[in-house]
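Going by this note's numbering, the letters in the sequence shown line up with residues 20 to 324, in that order.
Just so you know, even glycine gets a beta-carbon here, dropped at the ideal spot from N, CA and C.
Please read the structure below before turning to the comments.
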Amino acid sequence: MSLLFRRASLAGLGLAFGLSAFSLSPLMAQEAAPAPAAAAAPAPAPVDPNTVIATINGQPLTEADLVLAEGELSQQFAQLPPEQRRAAALSAAIEIRVMAAQAVTTGLDKDPDFQRRMAFLQQRALHGEMVEKGVVDKVTDAEVRARYDQEIANTPPTNEVHARHILVKTKEEAEAIIKQLDGGADFQKLANEHTSDPSGKTSGGDLGWFGPGQMVPEFDKAAFALEVGKYTKQPVQSQFGWHVIKLEDKRTKQPPAFDDVKDQAKQAVIRDKYFALVKSLRAGAKVEIPDANLKKAVDTLESAK
């Protein structure tokens with residue numbers, strides 16, 4: 020599927036990457052004098068990552084440790100005001116340190132299940148570092164632009180139409196409206212008077228621009244078959260009722276601007292580079308899966324990437 024119609028992200032790549040208002044009323048706006056511009060707050064001085072923030076049982080907890088804790092626990096602190104998050108992160112880091120120390124004292128760090136988990140977590144963290152440093156950081160602006168240009172070139176041009184409609188409950192009502200249109204009645208006026216579509220009662224039934232497949236099939240087929248300025252001579256039935264459709268205009272759909280989809284293009288480049296790297300590393304790795312059925316299932320998954 021084209022990147023132009025899909026939003027991808029590192030998180031959205033699933034298993035592959037998963038391992039890794041205030042306003043013034045017009046009157047106030049007229050009467051109130053403009054407030055003087057507030058002086059810009061001075062930028063905070065950079066903090067040495069080695070600065071000791073706290074000491075727990077003689078062991079230092081540094082600024083770098085606290086920043087790491089804030090990042091790792093950011094979801095837990097999302098509902099807190101910003102000024103409270105630092106204190107909450109420090110409190111959590113202290114709690115983790117003392118509980119971890121007690122776990123070592125009681126020998127929990129020697130438990131085989133724990134050691135397996137630790138090994139996996141280390142591998143997962145290294146996987147994430149490899150993705151970040153070996154893939155994401157190496158994507159260039161030129162590669163992103165080239166991917167965008169490629170997607171545009173590979174996307175066939177499509178038409179889109181600007182249409183209006185009048186939606187009624189029965190075929191007889193629709194036929195009566197068509198008869199009035201044949202007699203010279205104004206489509207927009209009839210739409211405002213008769214349509215049961217709430218959004219069309221004040222807009223003359225205006226649906227704006229839409230492309231193929233955006234409307235229900237019966238409506239879509241009828242709208243795209245019309246000539247500009249013409250209306251359907253027979254009522255069009257859909258799951259919503261009976262439509263009388265008028266085609267206002269037709270045009271070739273313009274591709275999205277690069278700036279609007281460059282993040283999607285970058286994610287597509289990242290995805291391709293990631294899978295290329297995995298494929299290369301897997302080719303050089305000796306992987307044995309004794310269970311034939313499991314091996315077949317894994318091979319099927321791999322071939323789909």
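1. What would DSSP say about Lys252, mapped onto helix, strand or coil?
2. Give the secondary structure of Val123 by DSSP, where H, G and I count as helix, E and B as strand, and everything else as coil.
3. By the three-class DSSP mapping on this structure, what secondary structure does Ala302 have?
4. Rounding to the nearest angstrom, what Cα-Cα distance links Ile264 and Pro175 in this structure?
5. Starting from Val66 and walking both ways along the beta strand (DSSP E), at which residues does that stretch end?
6. By Cβ distance, which residues of its chain are closer than 6 Å to His181, with the 5 residues on each side in sequence left out?
7. Is it the case that the segment 129 to 136 contacts the segment 102 to 120, given that we only count it when at least three CB pairs across the two stretches are under 8 Å?
8. For Tyr250 versus Phe277, is the C-beta distance shorter than 8 Å?
9. Going by alpha carbons, who is nearest to Ser215 out of Glu191, Ala302 and Leu186?
10. Nearest to Ala107 by CA position, among Arg116, Val117, Glu89 and Asn76, is which residue?
11. Just the C-alpha distance for Ile171 and Glu162, rounded to the nearest angstrom, thanks.
12. How is Glu82 classed by DSSP in three states: helix, strand or coil?
13. Kindly list the residues whose CB is nearer than 6 Å to the CB of Leu245, restricted to its own chain and excluding five residues on each side of it in sequence; keep chain order.
14. Bridge partners of Gly224, per DSSP?
15. Between which two residues does the alpha helix (DSSP H) carrying Asp239 extend?
16. Tell me which residues share the same chain as Val247 and place their Cβ nearer than 8 Å to its Cβ, disregarding the 5 neighbours each side in the sequence.
17. When the Cα atoms are used, what is the spatial distance from Lys281 to Val158?
18. For the alpha helix (DSSP H) containing Arg150, list its first residue and its last residue.
19. Return yes when the Cβ of Val155 is within less than 8 Å of the Cβ of Ile289, no when it is not.
Put simply:
1. Shown here, Lys252 sits in coil according to DSSP, grouped into three states, outside any helix or strand.
2. Reduced to three states, the DSSP call for Val123 is helix.
3. Correct three-state label for Ala302: helix.
4. C-alpha separation (whole angstroms): 27 Å.
5. No beta strand (DSSP E) holds Val66; DSSP gives it neither H nor E.
6. Counting only residues of its own chain and dropping the five nearest sequence neighbours on each side, His181 has a CB closer than 6 Å to the CB of Trp228, Glu267 and Asp268.
7. Contact between the segment 102 to 120 and the segment 129 to 136 is absent: fewer than three C-beta pairs spanning the two stretches fall below 8 Å.
8. Going by C-beta atoms, Tyr250 is not nearer than 8 Å to Phe277.
9. Nearest neighbour of Ser215 by Cα position, chosen from Glu191, Ala302 and Leu186, turns out to be Leu186.
10. The residue among Arg116, Val117, Glu89 and Asn76 with its C-alpha nearest the C-alpha of Ala107 is Glu89.
11. Straight-line Cα distance between these residues: approximately 14 Å.
12. In the structure shown, the three-state DSSP call for Glu82 is helix.
13. Excluding residues within five positions, the ones whose Cβ falls inside 6 Å are Leu266.
14. None, per the DSSP bridge assignment.
15. Pro236 to Ala244 is the extent of the alpha helix (DSSP H) around Asp239.
16. Once the five neighbours on either side are set aside, the close Cβ partners of Val247 are Leu266, Glu267, Asp268 and Lys269.
17. Each residue's CA atom was taken as its position, placing Lys281 and Val158 some 12 Å apart.
18. Checking the sequence shown, residue 150 turns out to be Val, not Arg. It spans Pro131 to Gly153 - the alpha helix (DSSP H) in which Val150 sits, taken as one unbroken run.
19. Going by C-beta atoms, Ile289 is nearer than 8 Å to Val155.
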